[in-house]
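Visitor:
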DNA sequence: GCGCTTTACTGAAACGCTTCAGAAAGATCG
DNA sequence: CGATCTTTCTGAAGCGTTTCAGTAAAGCGC
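Protein chains in written order, with the numbering used here: chain Z, 3 to 350; chain G, 3 to 350.
#1: Measuring alpha carbon to alpha carbon, tell me which of Z:198, Z:53 and Z:183 ends up nearest residue 218 of chain Z.
#2: Please list the segments of the beta strand (DSSP E) lying wholly inside the segment 196 to 246 of chain G, counting only runs of 3 or more residues, in order along the chain.
#3: Using the rule of at least 16 other Cβ atoms within 10 Å of the residue's Cβ for burial, across every protein chain shown, is residue 266 of chain Z buried or exposed?
#4: Determine the direct distance from the alpha carbon of residue 75 of chain Z to that of residue 156 of chain Z, and round the result to whole angstroms.
#5: When you compare the CB positions of residue 166 of chain G and residue 177 of chain G, do they come within less than 8 Å of one another, or not?
#6: Considering residue 117 of chain G, what are the terminal residues of the beta strand (DSSP E) in which it resides?
#7: Count the CB pairs spanning the segment 192 to 205 of chain G and the segment 275 to 295 of chain G that are closer than 8 Å, and state whether there are at least three.
#8: Give the residues of chain G in contact with residue 184 of chain Z, contact being defined as C-beta atoms less than 8 Å apart.
#9: Based on the DSSP output, what are the partners of residue 143 of chain Z in its beta bridges?
#10: Could you tell me the distance, in whole angstroms, from the CA atom of residue 180 of chain Z to the CA atom of residue 139 of chain Z?
#11: Taking only the alpha-carbon atoms, compute the straight-line gap between residue 100 of chain G and residue 216 of chain G and give it to the nearest angstrom.
#12: Going by CA-CA distance only, name the one from G:87, G:205 and G:346 that's closest to residue 319 of chain G.
#13: Report yes if the CB atom of residue 271 of chain Z is closer than 8 Å to the CB atom of residue 273 of chain G, and no otherwise.
#14: Please list the residues of the segment 58 to 81 of chain Z that have a C-beta atom closer than 7 Å to any C-beta atom in chain G, keeping them in chain order.
#15: Against chain Z, which members of the segment 212 to 237 of chain G pass a CB distance test of less than 8 Å?
#16: Looking only at DSSP bridge pairs, what is residue 104 of chain G linked to?
#17: Taking C-alpha atoms, which residue in G:225, G:52 and G:83 lies nearest to residue 262 of chain G?
#18: Give the secondary structure of residue 6 of chain Z by DSSP, where H, G and I count as helix, E and B as strand, and everything else as coil.
#19: Between G:198, G:306 and G:169, which has its C-alpha nearest residue 314 of chain G's C-alpha?
#20: Quick test of your reading: residue 57 of chain G and residue 24 of chain G, contact by CB under 8 Å. State the CB separation rounded to the nearest angstrom.
#21: Any idea if residue 49 of chain G is buried or exposed, counting beta-carbon neighbours within 10 angstroms, 16 or more meaning buried?
#22: Which residues share a DSSP beta bridge with residue 311 of chain G?
#23: If you check the beta carbons only, do residue 118 of chain Z and residue 102 of chain Z fall under 8 Å apart?
#24: Closer than 8 Å, CB to CB, is residue 269 of chain Z near chain G or not?
#25: What separation, rounded to the nearest whole angstrom, lies between the Cα atoms of residue 134 of chain G and residue 43 of chain Z?
#26: Using DSSP with H/G/I as helix, E/B as strand and the rest coil, what is residue 349 of chain Z?
#27: Identify each residue in the segment 241 to 255 of chain Z for which the Cβ-Cβ distance to at least one residue of chain G is less than 8 Å, and report them in chain order.
#28: Going by DSSP in three states, residue 261 of chain G sits in which element: helix, strand or coil?
#29: Have a look at Z:28, Z:343 and Z:27 and flag the residue whose alpha-carbon is nearest the alpha-carbon of residue 189 of chain Z.
#30: Contact criterion: CB-CB distance below 8 Å. Does residue 121 of chain Z meet it with respect to chain G?
#31: Do we get a CB-CB distance below 8 Å when we pair residue 258 of chain Z with the residues of chain G?
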């Protein structure tokens, strides 16, 4: 029995209020003694139409009294477009770095008067997901990682999305792309380890399926950095559990590695502990580099070297979205986000 | 210059397709040579009306050819209600435990045919936020932490939300409440430390503002557990930075504490490292307990004792939501989620 | 061939909002 | 005083769906 939900009897059972239907602008109009048009003009501060002060007040009072809240669907149906920016929520927890970026982005977009909505399409894949998003008729769709092909982009555009922006390591036909340079992350790590004199270099690749979109380019980056040198690259599958790390560490002598890029700080920390428990000393026997520059990485001993990743400022991405929405016909922009720098601490 | 966004010229500039207006069900009807009603019946598989197989096929083909995607706003406008469950996205990153819970919940709700939407209302507070949510006319609103008063609940209900469920440590009038027993977390930690013979007990309280909703009840829980004993409780404000932890650790001799509840594993780890750097030994000089049972807590030495928190299964919460939506008049349920158990490792 | 049911569909209304075109009433002007 | 302008407001259309009520055609029993 994994958990318990205990119902507590409520002390005061409030009389269920009669289910009045929700007030519409027509109700407001009736109460204020004006037309629906006037209500709309007043509540939206429409500048093209002048409404006298007394009327304005009556409308506002009526709206207040009824607790009127406009109906977003009706509004955007009439308007023919929305100010909604859809962001498929990643189904993999991606850590504090990313969620802070999301926050910043949302803030920036809301400044530009967009409404950011995170939409989880759990089971759906590919075009099915795109269809589901398209039903909401968002002004723009911001796709964080993989999971959307050119077909999906086409579906979204056909259904009126004025901008599709992808955020990942690959460009997608038809969409604006913000290329996050995951390869660069691997490249920086690989180059650093090589420069420290390491030659037999392992690369942790998480077994968790959702992380492949990150791990693949990072691995490629390490490979790229070492191409043409005498260094070798060994792929190290690792699940995020202590036992998996212990198993990997137990094979260490036979692997004969003198350095590891740990995919990110969390996996690196996990592996470091397992290695130390196996009697492998870091960095003497094996150097270790993580990525993401988490605070926790500084708490281990030796302190974890890491690749600091600079995500684009939310404000800039928000402006890209806004530009794209304003000018939907323009050719998709492709931006390269640079931001991998090595933070050298004690583990390498 | 915190980051760089480099624009890469696109190789192939695809000719901007003429902005055909997005196809509606009327277009599908025209192409298939049937009425809009028929299109609706076919595409929704309406069981009450029989449509012949050839007609069905023609409609489906037409829809496919045009790339028709229904308009959610129009649909829910007509229907008078939606299957949308709104979840205000917390603006504080709340760690892997919580985000896994969210995932599970979304999955469970989508099984019940709800659409889960996370909505960030960054700047807004209290009733303003409730208003913004109400505009979307969700079937239910699921409010994770604080930030919604009885007034907000009233606004939502008046605008047609059939269920408002709060998820936190306080009950809110008019809403179904799932009380997550943060006090229990503190209580368990406090009792454990007392049982281990500790009497001068510190409690870390994060300075990050968004975390107060958690830290307050946890602190109360520790106090509650120690009430009537000879133990003392000392509040230890701590920001999530190394310097803050170092400053706190430097004051350790004068504080004279023999135990600390670290709010959660992350803060506990931060503090543990600072204490060790200060020459304080854990657990001999000072015992330490975290919370959340993160994997990383097992990686430090000594291994971190922690309070394991069992969140409700997403499936059960989803069922609560569904029940509430089906029967909006019912008195709000209050459930108590029990789930704090101490995991004793080496740090206490 | 007549009434009846069944089948397969269609017309039109309604959901709540915005906005265009116009109207009532007063102000201004020649 | 009639014509014109300004101010302040209103009527009605329309956004894309769903669905109720209705209808034409066909089938059936007699």
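Positions of the beta carbon are idealized from the N, C-alpha and C atoms, including for glycine.
Guide: Answer, in terms of the structure:
#1: Ranked by Cα distance from residue 218 of chain Z, the options Z:198, Z:53 and Z:183 are led by Z:183.
#2: Taking only runs of at least 3 residues, the beta strand (DSSP E) segments lying wholly in the segment 196 to 246 of chain G are 202 to 208 and 234 to 240.
#3: The residue is buried, with at least 16 neighbouring Cβ atoms inside 10 Å.
#4: Looking at the two C-alpha atoms, the distance is approximately 24 Å.
#5: Yes, these two residues count as a Cβ contact at 8 Å.
#6: From DSSP, the beta strand (DSSP E) with residue 117 of chain G extends over 117 to 121.
#7: By the Cβ test, the segment 192 to 205 of chain G is in contact with the segment 275 to 295 of chain G, since at least three Cβ pairs between them sit closer than 8 Å.
#8: Those within 8 Å of residue 184 of chain Z in chain G number zero; the least Cβ separation is about 15 Å.
#9: Bridge partners of residue 143 of chain Z according to DSSP: Z:88 and Z:166.
#10: One Cα belongs to residue 180 of chain Z, the other to residue 139 of chain Z, and the distance between them is close to 22 Å.
#11: A direct Cα-to-Cα measurement between residue 100 of chain G and residue 216 of chain G gives close to 13 Å.
#12: The candidate whose alpha carbon is nearest that of residue 319 of chain G is G:87.
#13: No; because the gap between Cβ atoms is not below 8 Å, this pair is not in contact.
#14: Residues passing the 7 Å Cβ filter: 69, 71, 72, 73, 74, 75, 76, 78 and 79.
#15: Listed in sequence order: no entries.
#16: Partner residues in a beta bridge of residue 104 of chain G, as assigned by DSSP, do not exist.
#17: When only C-alpha atoms are compared, the closest one is G:225.
#18: Confidence at residue 6 of chain Z is low in this model, with a pLDDT of 46, below 50, so its placement is unreliable and no value can be given for it.
#19: Distance check between residue 314 of chain G and each of G:198, G:306 and G:169 places G:169 closest, using alpha-carbon atoms only.
#20: Between residue 24 of chain G and residue 57 of chain G the Cβ distance is about 24 Å, and since that is not below 8 Å, they are no contact.
#21: The residue in question, residue 49 of chain G, is exposed, as its Cβ has fewer than 16 Cβ neighbours within 10 Å.
#22: In DSSP, residue 311 of chain G forms a bridge with G:342.
#23: For the 8 Å CB-CB criterion, residue 118 of chain Z and residue 102 of chain Z do not form a contact.
#24: Using beta-carbon distances, residue 269 of chain Z does not count as an interface residue toward chain G, since no partner is under 8 Å.
#25: Straight-line Cα distance between these residues: approximately 19 Å.
#26: In the structure shown, residue 349 of chain Z adopts coil according to DSSP, grouped into three states.
#27: Within the segment 241 to 255 of chain Z, the qualifying residues are 242, 243 and 244.
#28: Assigned with DSSP and collapsed to three states, residue 261 of chain G falls in strand.
#29: Ranking Z:28, Z:343 and Z:27 by Cα distance to residue 189 of chain Z puts Z:343 first.
#30: With its beta carbon less than 8 Å from one in chain G, residue 121 of chain Z belongs to the interface.
#31: Interface criterion not met: the Cβ of residue 258 of chain Z is under 8 Å from no Cβ in chain G.
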